[in-house]
Structures are given as C-alpha cells and as structure tokens.
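Here my numbering is used: the sequence shown runs in plain steps of one and ends on residue 174.
Ideal Cβ positions, reconstructed from N, Cα and C, are used throughout, including at glycine.
Source: prediction; values computed, not measured.
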Amino acid sequence: ECVKLVNLTGEVEVDSRLIIKDEEGNISLAIISESDNKDLYIKKEAIEIVFFKIYNSEEFEELDVGTMEKCNNLERKEKEYIVGLIRTDEYIFEAKIIGLIDEYETSYENIKDELNIPVGSEFGFSFTYSNKTIRGTSEKNVSTSVYAEEIPIQYIDREASISSGFINIRVW
3 ECVKLVNLTG EVEVDSRLII KDEEGNISLA IISESDNKDL YIKKEAIEIV
53 FFKIYNSEEF EELDVGTMEK CNNLERKEKE YIVGLIRTDE YIFEAKIIGL
103 IDEYETSYEN IKDELNIPVG SEFGFSFTYS NKTIRGTSEK NVSTSVYAEE
153 IPIQYIDREA SISSGFINIR VW
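Rendered as structure tokens:
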C-alpha cells in the first residue's frame with residue numbers, strides 16, 4: 003500500500019532531497035512524481051501506519067522520479083493530510099565530517115589556512131561516533147606540546163538520525 007501526498011513539495015517548499023521515516027523510525031521508500039515533481043509517493047509497510055516524518059537537506063540524495071500504483075491520493079487542501087510541524091534546525095552532517103577528514107589527506111595546507119592554524123604549527127582532528135568508534139586524520143611530526151580540545155556535537159547520520167559524538171582537535 004502507498005499514499006500520494008498531492009502537491010506536498012510545492013506547498014511546504016521542500017525539494018526532492020528527502021528521507022521519510024514512519025512512526026516507528028523506519029525509513030520508507032518514497033519517490034517524487036514524474037509529472038510535476040510536487041507529489042510525494044510513500045510506500046507504507048503496514049496499513050495502520052498513518053504518521054510520517056519528512057526530512058529535507060541538501061546533504062541527502064535526491065529521490066527517484068516515478069510513480070507508484072494503487073496509491074491513496076491525499077490532498078492537503080481537502081484536509082486529507084495535515085502537516086503538523088515544520089522546523090528548521092542546523093546540524094553537522096556525518097558525511098561532511100568524513101569529507102573533511104578525507105580532504106585533510108589531500109589538501110592539508112588549504113584546510114590549515116581556512117582554520118587559521120598559526121604558521122609553524124600543525125594540527126589534526128578526529129571524530130568519535132555515538133558508538134565510540136573513532137575516525138581521524140593521520141598525524142606526523144607531533145611535538146611534545148599539544149593543545150587539544152574535545153567538542154561535543156550532535157550530527158545527522160546517513161539515515162537522518164540525530165546522534166551525539168565528539169570532534170577532537172589537536173594543535174602542536
């Protein structure tokens with residue numbers, strides 16, 4: 003079973019970079035209509051599911067364009083579905099942190115300049131996931147005087163879940 007939220011992306015001003023989760027937090031298959039890119043089709047895993055959270059970010063992959071067969075057409079203007087809350091928050095994305103770690107290896111001097119690391123100093127950093135896994139930069143020529151700071155953060159993972167972690171920055 004599926005639902006078609008007619009003109010959803012047009013009315014709430016989101017694009018096709020969406021992740022949809024059902025009321026239990028499971029990611030639902032969704033596609034954008036091929037006719038005008040404003041209708042959103044969502045596959046329901048169970049008939050009793052009536053609540054969805056829709057996440058939108060430039061960091062998410064674009065939904066596929068297409069159609070789903072035998073969907074219940076629901077129109078907001080007819081009060082067949084309700085947009086309960088629209089909230090905008092800023093978070094750090096896991097993909098951006100990992101991208102910065104990868105960029106460190108290829109563009110160290112550029113990142114050093116962007117972060118205003120003093121001339122004659124070196125730096126490194128690591129990211130600690132909510133499960134305590136650590137991913138970080140390789141460090142060379144570490145001196146005995148190291149300034150380190152651990153910063154708690156909330157980040158969005160690849161499945162649009164908010165998790166807590168740490169960024170550890172070291173300058174020597």
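Contact annotation: Arg78 and Val5 have beta-carbon atoms that are not nearer than 9 angstroms. Secondary structure of Ile169 (DSSP, three-state): strand. Given a length threshold of 4 residues, each whole run of the alpha helix (DSSP H) inside the segment 52-119 is given here in chain order: 96-108 and 110-116.
In this structure, Ile119 keeps its C-beta atom at 9 angstroms or more from the C-beta atom of Ser128.
The continuous stretches of beta strand (DSSP E) do not include Leu31, and DSSP gives it neither H nor E. Residue environment: Asn133 is assigned as exposed (fewer than 16 neighbouring CB atoms within 10 Å of its CB, all protein chains considered).
Look at Glu25 here: in three-state DSSP terms it is coil, with no helix or strand label. The secondary-structure analysis by DSSP pairs Thr130 across a beta bridge with Ile136 and Phe168. Counted as a single uninterrupted DSSP element, the beta strand (DSSP E) harbouring Glu152 occupies residues Tyr149 to Ile158.
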